[in-house]
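Structure first, commentary second.
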Amino acid sequence: MDIENQKEVPLAAVIGSPIGQSLSPDLHNYWLVKNNLKGYYIPLNVNLKMLEKTINLLPKLGFKGANVTIPHKTNVLSMVDKLTDRATMIGAVNTLHFNSSGQITGDNTDAYGFIENIKQKQPHWDPKKGPALVYGAGGAARAIVWALLHEGVPEVRISNRTKNKAISLSDILGAKVKVIDWTNVDSQLEEVLTLVNTTSLGMIGNARFSPNISKLNSQALVADLVYNPLKTDLLKTAKSMGLKTVDGLGMLLHQGVPGFEKWFGVQPKVTEELEMFLQEKCNVTI
Ligand code: NAP
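Numbering-wise (my numbering), the sequence shown opens with residue 1 and increments by one.
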């Protein structure tokens, strides 16, 4: 589809509060230009009081859908007409689709983004080969644990500073999810073939995160959801040990693909050029 043949101008938004920090407008507007498409993607600062009204109004104003970000990813669960299976399992919504009669579907593309990024960057990763270890049990962890199980990882071990949160996650996601003491992770490392940091540790402004991973299996893949800095201490250590690594920026870009495709009709590409563009836009530290 190109600009001359497009009859209507599709609209999409990202809804959150605050919203100025969101990279989504830069990402989607880059794809609109790259694909020579008409369309607009705008940031909307919406508080909880206005959230339901806004979501119901957008389809009437010509919006095809929206992304949902902090703090509304769980708030919108009860405000949509339908949830996809993965949004139900992950317990949060980050993408909305509106159909022509205004019906609202809530989806979650974080797990998809995480897996697609690994498949693009580390195509030989075989999730079925052995257990995974996930640090953290917050909102992002739930998507990652679900994604790993969905890809066939035989067992996911979660370790979180607040153990009760890890226990709740394991109760929700089933028997293949085991809880490991935050202080006893070392004993697990030899078997682990996928290791993921989903905590906010290591992010600029937060405490550093350099767990001792010297005993980690030499075939392991190490992924960090933190994308600023891009090369976290955890990833630097893993690289120096010769392990395969994946950073957090690629996940952020891939999670935008399904929404863009539904709203604007073209599957966009995640390229090195796009990654560099966004690194510069958001002053990501390398
Ligand atoms: P969240 O729900 O607030 O969870 C934060 C997690 O970090 C919890 O497990 C928390 O443990 C842990 N944590 C925080 N401070 C800690 C400390 N000092 N010591 C030990 N553990 C600590 O946040 P979230 O939404 O899951 O996001 C987590 C990170 O993932 C953020 O950095 C976010 O930017 C990143 N993220 C990246 C992407 C991407 O596309 N790359 C997508 C989503 C999220 P407690 O339970 O003990 O507090």
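For every residue, glycine included, the Cβ atom is placed at its ideal position computed from N, Cα and C.
Query raised in the report: Can you name the residues that DSSP bridges to residue 227?
Result: Residue 227 pairs with nothing; no bridge assigned.
Query raised in the report: CB of residue 207 to nearest heavy atom of the ligand NAP: below 7 Å?
Result: Residue 207: yes, Cβ under 7 Å from the ligand NAP.
Query raised in the report: If we ignore side chains and look at the alpha-carbon of each, how far apart do residue 223 and residue 110 end up?
Result: Answer to the nearest angstrom: the Cα atoms are 14 Å apart.
Requested in this report: State the CB to CB distance for the pair residue 93 and residue 107, rounded to an integer number of angstroms; the pair is presumed to be in contact (CB under 8 Å).
Outcome: Correct: roughly 7 Å between the Cβ atoms.
**Report entry** residue 110 CB to nearest heavy atom of the ligand NAP below 7 Å
**Finding:** Checking every heavy atom of the ligand NAP against the Cβ of residue 110, one is found closer than 7 Å.
Requested in this report: Measure how close the beta-carbons of residue 140 and residue 160 come, nearest whole angstrom, since I'm counting them as under 8 Å.
Outcome: Not really, about 12 Å apart at Cβ, beyond 8 Å.
Report task. Could you check if residue 171 is buried or exposed, using at least 16 other CB atoms within 10 Å of its CB as the buried criterion? Result -> Looking at its Cβ environment, which holds fewer than 16 other Cβ atoms inside 10 Å, residue 171 is exposed.
Query raised in the report: Any heavy atom of the ligand NAP closer than 7 Å to the CB of residue 227?
Result: Because some heavy atom of the ligand NAP lies under 7 Å away, the Cβ of residue 227 counts as near it: yes.
Query - As assigned by DSSP and simplified to three states, the class of residue 144 - result: Residue state for residue 144 is assigned as helix, using DSSP reduced to three classes.
**Report entry** Of the residues 230, 98, 156, 135, the one placed nearest residue 59, counting alpha carbons only
**Finding:** Selected option, being the one with the closest Cα: 98.
Report task. With a threshold of 7 Å, establish whether the CB of residue 256 neighbours any heavy atom of the ligand NAP. Result -> A distance criterion of 7 Å places the beta-carbon of residue 256 beyond contact range of the ligand NAP, judged by its closest non-hydrogen atom.
Requested in this report: Express the C-alpha separation of residue 78 and residue 276 in angstroms, rounding to a whole number.
Outcome: Straight-line Cα distance between these residues: approximately 37 Å.
Query raised in the report: What first and last residue would you give for the beta strand (DSSP E) that runs through residue 159?
Result: Start and end: 156 to 159.
Query raised in the report: What span of residues does the alpha helix (DSSP H) with residue 292 cover, start to end?
Result: The question about residue 292 has no answer here: the residues shown for the chain are numbered 1 through 286.
Query raised in the report: Out of curiosity, what's the CA-to-CA distance linking residue 250 and residue 31?
Result: The C-alpha of residue 31 is placed about 15 Å away from the C-alpha of residue 250.
Query raised in the report: Based on Cα-Cα distance, which residue from 154, 146, 173, 179 lies nearest to residue 162?
Result: Comparing Cα positions, the closest option is 179.
**Report entry** Other residues of its chain near residue 122: CB distance less than 7 Å, five sequence neighbours each side excluded
**Finding:** Once the five neighbours on either side are set aside, the close Cβ partners of residue 122 are 221, 244, 246.
Query raised in the report: Could you give the distance in angstroms between the alpha-carbon of residue 205 and the alpha-carbon of residue 228?
Result: Distance between residue 205 and residue 228, taken at the CA atoms: about 10 Å.
Report task. Say yes only if the C-beta of residue 198 is nearer than 7 Å to one or more non-hydrogen atoms of the ligand NAP, and no if none qualify. Result -> Between the ligand NAP and the CB of residue 198, the shortest heavy atom gap is smaller than 7 Å.
Requested in this report: Look up residue 132 in the DSSP assignment and give the residues it is bridged to.
Outcome: DSSP lists 156, 194 as partners of residue 132.
Requested in this report: Kindly indicate which three-state DSSP category residue 45 falls into: helix, strand or coil?
Outcome: The answer is strand: DSSP assigns residue 45 an E or B state.
Report task. Take residue 100 as the anchor and find which of 26, 215, 73, 56 has the nearest alpha-carbon. Result -> Ranking 26, 215, 73, 56 by Cα distance to residue 100 puts 56 first.
Query raised in the report: Would the beta-carbon of residue 165 be found less than 7 Å away from any heavy atom of the ligand NAP?
Result: The closest heavy atom of the ligand NAP lies less than 7 Å from the beta carbon of residue 165.
Query raised in the report: Looking only at DSSP bridge pairs, what is residue 107 linked to?
Result: In the DSSP output, where bridge partners are listed per residue, residue 107 has 95.
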